[in-house]
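Just below is one structure, and these are the notes that go with it.
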Amino acid sequence: DSGVTQTPKHLITATGQRVTLRCSPRSGDLSVYWYQQSLDQGLQFLIQYYNGEERAKGNILERFSAQQFPDLHSELNLSSLELGDSALYFCASSVAGGQGAIDEQFFGPGTRLTVL
Amino acid sequence: AQKITQTQPGMFVQEKEAVTLDCTYDTSDQSYGLFWYKQPSSGEMIFLIYQGSYDEQNATEGRYSLNFQKARKSANLVISASQLGDSAMYFCAMRERSKAAGNKLTFGGGTRVLVKP
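Chains A and B, in that order, give the protein sequences.
So the first sequence is numbered by the working numbering: it starts at 64 and just counts up by one.
So the second sequence is numbered by the working numbering: it starts at 920 and just counts up by one.
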């Protein structure tokens, strides 16, 4: 158990719908990251938050948004869902923002999203 | 842009033998970090080992060691004395150390390892 929790574990929804994925980082970790794992695109970085502020952005679609709250949990919002959004969405956390130390990322169990 | 290449989509290894998983990377940065993660069939991502670009010695963690050849831009993972529980997908990842990049990881396509009894 990495200490990172994600809810829900599984999510089945229809095209055009909106969903919210939730992540709680390990105790003491300030950074939260979101990754998408799909068969055709592999593991891709979406976005990073550090202590409530957006730190880095990757291949995140405009239909997707995220935020990190004062208690450091994070939510990833996916809207106008398409079939191609079906994937495993990982949240990861680390102590810092990556400067100076190993600052390895600990991954949650993931949320498997199926869009029908 | 960073790129990680894992050329072995899948491989078999006999139990108790060693296996080497290849990883090559491409970056123009001088300062970067290389990671290996394991993803069992259950889906979670498990951190295995880390190598910094300025580390002079190859990293080791138990049965895992990283064969780091900076000039060749390769960071191969060696698993010694394979066990049935080592059957999983293995991902190589790189992190560049720049403020703009934050702490994002760029992953390779992965190598599936199946340990045979």
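Every residue, glycine too, gets a C-beta built ideally from N, C-alpha and C.
Roughly how many whole angstroms lie between the Cα atoms of residue i and residue j?
{"i": "residue 949(B)", "j": "residue 955(B)", "result": "19 Å"}
{"i": "residue 118(A)", "j": "residue 157(A)", "result": "13 Å"}
{"i": "residue 155(A)", "j": "residue 942(B)", "result": "22 Å"}
{"i": "residue 68(A)", "j": "residue 947(B)", "result": "35 Å"}
{"i": "residue 145(A)", "j": "residue 79(A)", "result": "6 Å"}
Quick one: is residue i near chain A, going by C-beta distance under 8 Å?
{"i": "residue 929(B)", "result": "no"}
{"i": "residue 987(B)", "result": "no"}
{"i": "residue 995(B)", "result": "no"}
{"i": "residue 1023(B)", "result": "yes"}
{"i": "residue 1013(B)", "result": "no"}
Let me see if you follow: with CB-CB separation under 8 Å, is residue i close to chain B or not?
{"i": "residue 157(A)", "result": "yes"}
{"i": "residue 134(A)", "result": "no"}
{"i": "residue 85(A)", "result": "no"}
{"i": "residue 131(A)", "result": "no"}
{"i": "residue 90(A)", "result": "no"}
Let me check understanding here. Comparing Cα to Cα, which of the options lies closest to residue i?
{"i": "residue 1036(B)", "options": "1006(B), 984(B), 929(B)", "result": "1006(B)"}
{"i": "residue 1024(B)", "options": "68(A), 98(A), 123(A), 174(A)", "result": "98(A)"}
{"i": "residue 1026(B)", "options": "105(A), 130(A), 131(A)", "result": "105(A)"}
{"i": "residue 168(A)", "options": "925(B), 965(B), 938(B), 979(B)", "result": "965(B)"}
{"i": "residue 967(B)", "options": "921(B), 1028(B), 995(B), 924(B)", "result": "995(B)"}
{"i": "residue 112(A)", "options": "175(A), 172(A), 143(A), 135(A)", "result": "135(A)"}
Report all residues from its chain with a CB closer than 7 Å to the CB of residue i; omit the five preceding and five following residues, and keep chain order.
{"i": "residue 982(B)", "result": "998, 999, 1000"}
Enumerate in chain order the residues of its own chain whose CB-to-CB distance from residue i is below 6 Å, with the five nearest sequence positions on each side excluded.
{"i": "residue 75(A)", "result": "177"}
{"i": "residue 122(A)", "result": "107"}
Point to revise | Cβ contact check for the region 85 to 94 of chain A and the region 928 to 944 of chain B: 3 or more pairs under 8 Å | key: no
Check your understanding: Does the pairing of the region 129 to 139 of chain A with the region 77 to 85 of chain A give three or more beta-carbon distances under 8 Å?
Key -> Segments in contact, yes.
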